[in-house]
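Student: One structure, as structure tokens, below. Some questions next.
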Amino acid sequence: EAGVTQFPSHSVIEKGQTVTLRCDPISGHDNLYWYRRVMGKEIKFLLHFVKESKQDESGMPNNRFLAERTGGTYSTLKVQPAELEDSGVYFCASSQVPGQSDNEQFFGPGTRLTVL
Amino acid sequence: QKEVEQNSGPLSVPEGAIASLNCTYSDRGSQSFFWYRQYSGKSPELIMFIYSNGDKEDGRFTAQLNKASQYVSLLIRDSQPSDSATYLCAVREGGKLIFGQGTELSVKP
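Protein sequence lines correspond, in order, to chains A and B.
Residues in the first sequence are numbered consecutively from 1, following the working numbering.
Residues in the second sequence are numbered consecutively from 1001, following the working numbering.
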């Protein structure tokens, strides 16, 4: 069974440009999460989808970030316009049923975003 | 601001020794705790979860939870060079995970 996949693995863009990151969760997982790790900091939560609905978007830094999950399958995270402080590794994770203490979130390999 | 604190390390132990990784959390109401291992450039992978006070053992790994002290630890017995990685402590809040910065472990042959 395929794990969580993310595309691209790396992206280097200029400040002010737009970048779209994609995440394909494990098949059958209704819950999809985006996290981000900036240099020297901890992994931080961005948002949580249940199917196509945004369950929690409290971690989204500002309105330059837009996440979608049309059809409840894959998700995209668009940054427009990108700023220098957006550089970091963006992780996607998926899980079956949230809220259960033994419910594992499976992480993708991440997209390393560099904004110059 | 709910926080999870870890010593960033690096923690260096000789092969065969016990590695002890520690984590404290600020929210006394937290119920579920996770240890993830992350190799350089790879995705975090779950090693153990714990939600009851006391010890939980799985092979060479033991997670320990003390809710009164708001402290969770991970012991790795008979450490191997392949255990060298960053270990991330996480606390569940609703559906999301709140992570510590991670502790880098180096096991020397």
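Quick reminder that beta carbons are idealized off the backbone N, C-alpha and C, glycines included.
So which residues of chain A does Phe-1099(B) contact, with C-beta pairs closer than 7 Å?
Tutor: Within the second sequence, residue 1099(B) is the residue found at index 99, counting from 1. Residues of chain A passing the Cβ test: Glu-42 and Ile-43.
Student: Tell me which same chain residues have a C-beta within less than 7 Å of the C-beta of Asp-56(A), skipping the five on either side of it?
Tutor: Against the first sequence, residue 56(A) aligns to sequence position 56. Only Leu-47 and His-48 meet the Cβ criterion.
Student: By Cβ distance below 6 Å, which residues in the same chain neighbour Val-89(A) in space, the five residues on each side in sequence not counted?
Tutor: For the purposes of this step, residue 89(A) is taken as the residue at position 89 of the first sequence. Cβ within range, chain order: Arg-37, Gly-110 and Arg-112.
Student: Suppose the cutoff is 8 Å on Cβ atoms and the five residues either side in sequence are ignored; what does the same chain contact list for Gln-6(A) look like?
Tutor: Residue numbering aside, residue 6(A) sits at position 6 when the first sequence is read from its first letter. Here the set comprises Leu-21, Arg-22, Cys-23, Asp-24, Tyr-90, Phe-91, Cys-92, Gly-108, Pro-109, Gly-110 and Thr-111.
Student: Out of Val-115(A), Thr-114(A), Gln-105(A) and Leu-116(A), which one is the CA nearest neighbour of Phe-1049(B)?
Tutor: Locating residue 1049(B) in the second sequence gives position 49, counting from the first residue. Nearest of Val-115(A), Thr-114(A), Gln-105(A) and Leu-116(A) to Phe-1049(B), Cα basis: Gln-105(A).
Student: Could you please give me the residues that DSSP links to Asp-24(A) through a beta bridge?
Tutor: For the purposes of this step, residue 24(A) is taken as the residue at position 24 of the first sequence. Paired residue(s): Thr-5(A).
Student: What residue range is occupied by the uninterrupted beta strand (DSSP E) comprising Glu-42(A)?
Tutor: For the purposes of this step, residue 42(A) is taken as the residue at position 42 of the first sequence. That residue, Glu-42(A), is in no beta strand (DSSP E); it is neither H nor E in DSSP.
Student: Report the rounded CA-to-CA distance for Lys-1056(B) versus Phe-65(A), giving the unit in angstroms.
Tutor: Within the second sequence, numbered from 1, the residue matching residue 1056(B) stands at position 56. Within the first sequence, numbered from 1, the residue matching residue 65(A) stands at position 65. Answer to the nearest angstrom: the Cα atoms are 40 Å apart.
Student: My guess is that Gln-1080(B) and Arg-1028(B) are in contact by the Cβ rule of under 8 Å, so how many angstroms apart are they, rounded?
Tutor: Position 80 of the second sequence, counted from the first residue, corresponds to residue 1080(B). Position 28 of the second sequence, counted from the first residue, corresponds to residue 1028(B). Actually they are not in contact, since the Cβ atoms of Gln-1080(B) and Arg-1028(B) sit about 36 Å apart, beyond 8 Å.
Student: Pick helix, strand or coil for Ser-1020(B), following the three-state DSSP scheme.
Tutor: Counting from one through the second sequence, the residue named residue 1020(B) turns up at place 20. Strand.
Student: Which value, in whole angstroms, describes the spacing of the CA atoms of Asn-103(A) and Glu-1045(B)?
Tutor: Residue 103(A) sits at position 103 when you count from the first residue of the first sequence. Residue 1045(B) sits at position 45 when you count from the first residue of the second sequence. When rounded, the distance between both Cα atoms is 13 Å.
Student: Which first and last residues belong to the beta strand (DSSP E) in which Lys-78(A) is found?
Tutor: Start at 1 with the first residue of the first sequence, and residue 78(A) comes out as number 78. Where Lys-78(A) is concerned, the enclosing beta strand (DSSP E) stretches over 75 to 79.
Student: If you compare alpha carbons, which of Ala-67(A), Gln-17(A) and Glu-52(A) is closest to Ser-58(A)?
Tutor: On the first sequence, position 58 is the one that residue 58(A) refers to. Taking only the C-alpha atoms, the option nearest Ser-58(A) is Ala-67(A).
Student: Here's the rule I'm using: 16 or more other beta-carbon atoms within 10 Å means buried, otherwise exposed. How should Val-97(A) be labelled?
Tutor: The residue you call residue 97(A) lines up with position 97 of the first sequence. Classification for Val-97(A): exposed.
Student: Using the beta-carbon of each residue, which ones in chain A are nearer than 7 Å to Lys-1096(B)?
Tutor: The residue you call residue 1096(B) lines up with position 96 of the second sequence. The answer, in chain order, is Tyr-33, Phe-45, His-48 and Asp-56.
Student: Please report how far the alpha carbon of Asn-63(A) lies from the alpha carbon of Ile-26(A), in whole angstroms.
Tutor: In the first sequence, the residue the question calls residue 63(A) occupies position 63. In the first sequence, the residue the question calls residue 26(A) occupies position 26. Their Cα atoms are separated by approximately 28 Å.
Student: Which residues bound the beta strand (DSSP E) around Glu-68(A)?
Tutor: For the purposes of this step, residue 68(A) is taken as the residue at position 68 of the first sequence. Here the beta strand (DSSP E) through Glu-68(A) covers 65 to 68.
Student: Whole angstroms are fine: how far does the CA of Lys-1067(B) sit from the CA of Glu-1003(B)?
Tutor: The residue given as residue 1003(B) occupies position 3 in the second sequence. The residue given as residue 1067(B) occupies position 67 in the second sequence. Rounded to the nearest angstrom, the two C-alpha atoms are 15 Å apart.
Student: Mind checking which residues open and close the beta strand (DSSP E) that includes Asp-1058(B)?
Tutor: Locating residue 1058(B) in the second sequence gives position 58, where the first residue counts as 1. Where Asp-1058(B) is concerned, the enclosing beta strand (DSSP E) stretches over 1054 to 1058.
Student: For the beta strand (DSSP E) that contains Val-1013(B), what are its first and last residues?
Tutor: Here residue 1013(B) refers to the residue found at position 13 of the second sequence. Val-1013(B) -> beta strand (DSSP E) spans 1011 to 1014.
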